[in-house]
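Enquirer: Chains as they are written, first to last, in numbering that gives the first Met the number 0: chain V, 0 to 113; chain Z, 0 to 128.
Using N, Cα and C, we set each Cβ at its ideal position, and we do this for glycine too.
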Amino acid sequence: MVLAMQGKTSIAANTTVNNVCTGERYERLPFVRQVCDLLCTGSATGLKAELNVGGTSITPPVVIGVTNRVPLEPDDTLLEDWEGFAGQLVQLSATNTTAGALDFFWKIKIMELQ
Amino acid sequence: MPLVERFRCSRTGVTFPSDYIEQWGIKYGHGLGPVPVSEALVNHYHSPVCEGRNDACTMHPVGFAGGQLDFIRIDESEALKTDAILAKDDPDMVKRSAIMRDKQFLKSNKLQSMFPEEHAKVLAKVKVN
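(1) What does a CB cutoff of less than 7 Å around residue 108 of chain V pick up in its chain, not counting 5 residues either side in sequence?
(2) So which residues of chain V does residue 50 of chain Z contact, with C-beta pairs closer than 8 Å?
(3) Return the CA-CA distance between residue 54 of chain Z and residue 98 of chain V, expressed in angstroms with no decimal places.
(4) Return the first residue and the last residue of the beta strand (DSSP E) that residue 110 of chain V is part of.
(5) Listed in chain order, which residues of the stretch 21-51 of chain V have Cβ atoms closer than 7 Å to some Cβ of chain B?
(6) So, do the stretch 63-76 of chain Z and the stretch 11-20 of chain V have three or more beta carbon pairs nearer to each other than 8 Å?
(7) Restricting to runs no shorter than 3 residues, where is the beta strand (DSSP E) found entirely within the stretch 39-106 of chain V?
(8) Please return the same chain residues whose Cβ sits closer than 7 Å to the Cβ of residue 14 of chain Z, not counting the five positions on each side in sequence.
(9) Does the stretch 24-34 of chain Z touch the stretch 57-73 of chain V, meaning 3 or more C-beta pairs lie closer than 8 Å?
(10) I'd like to know if residue 142 of chain Z contacts chain V, where contact means its C-beta is closer than 8 Å to some C-beta of that chain.
(11) Which residues in chain Z have a C-beta closer than 9 Å to the C-beta of residue 89 of chain V? List them in chain order.
(12) Would you kindly check if the distance between the Cβ of residue 11 of chain Z and the Cβ of residue 41 of chain Z is under 8 Å?
(13) Hey, quick one: how far does the beta strand (DSSP E) through residue 3 of chain V stretch, first residue to last?
(14) Just checking, does the stretch 41-59 of chain V make contact with the stretch 86-104 of chain Z on the three C-beta pairs under 8 Å criterion?
(15) Taking DSSP as the reference, what is the three-state secondary structure of residue 58 of chain Z?
(16) Quick one: what's residue 27 of chain Z bridged to in DSSP?
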């Protein structure tokens, strides 16, 4: 089974949103075992994303691409096939390093492993 | 006045230098993909106002226009009025975000009600210009 979360989060100038997945349906991973893909883009240059899953750092803060639209596969894939286990918290942080507010577009695909 | 060569953004009307396409990915358009498009900024009024650490940073988000570029020849005096602030000259978006925020005051009821004094100053500036 494949599930997905997708969203657009506005990030104020020079601030960090600690977890854009807060309150989302699959903020905590639903399956016993799954592999996931992270796709993200920004509305303009200057956004960084960081992924932590279950307290483990998957990526440090990294610069993301700029397309000003929802992310598309495969062009906007930041990281594929990271694994997770049931109940682990998905923490996707977004940091705006500029003096202007920006939009952060993100998608997380969750693929159950049988 | 002599005519100068520019590329004009079809979406916002601002102009870019004549080497914009040739230097795409080198001097201009970092992170914007392989196809040369306008790196001018547009306001995202559909996204809510983001409250920044100070009032000057509180604004609607912005995004890059991505519009088609048209090659033009215009008077140098006209070019001085329409030339865009380039991303390479304003990497932290300090100058550009201030301009975009002023524009947001003209259309965003939310910003107008949050900062009525600033709104009045922006309106006065527009009338003078």
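Expert: Let's see:
(1) 1, 3, 35 and 36
(2) Result: 11.
(3) So the two alpha carbons sit approximately 12 Å from each other.
(4) 101-111
(5) No chain B appears in the structure shown, which is made up of the protein chains V and Z.
(6) no
(7) 46-52, 55-62, 76-84 and 89-95
(8) Excluding positions up to five away in sequence, the list reads 5, 6, 7, 78, 81, 82 and 83.
(9) yes
(10) Only positions 0 to 128 of chain Z appear in this structure, which leaves residue 142 of chain Z out of reach.
(11) The contacting residues do not exist; residue 89 of chain V stays about 23 Å from chain Z at best.
(12) yes
(13) 1-10
(14) Contact between the stretch 41-59 of chain V and the stretch 86-104 of chain Z is present, because at least three Cβ pairs lie under 8 Å.
(15) strand
(16) Z:23, per the DSSP bridge assignment.
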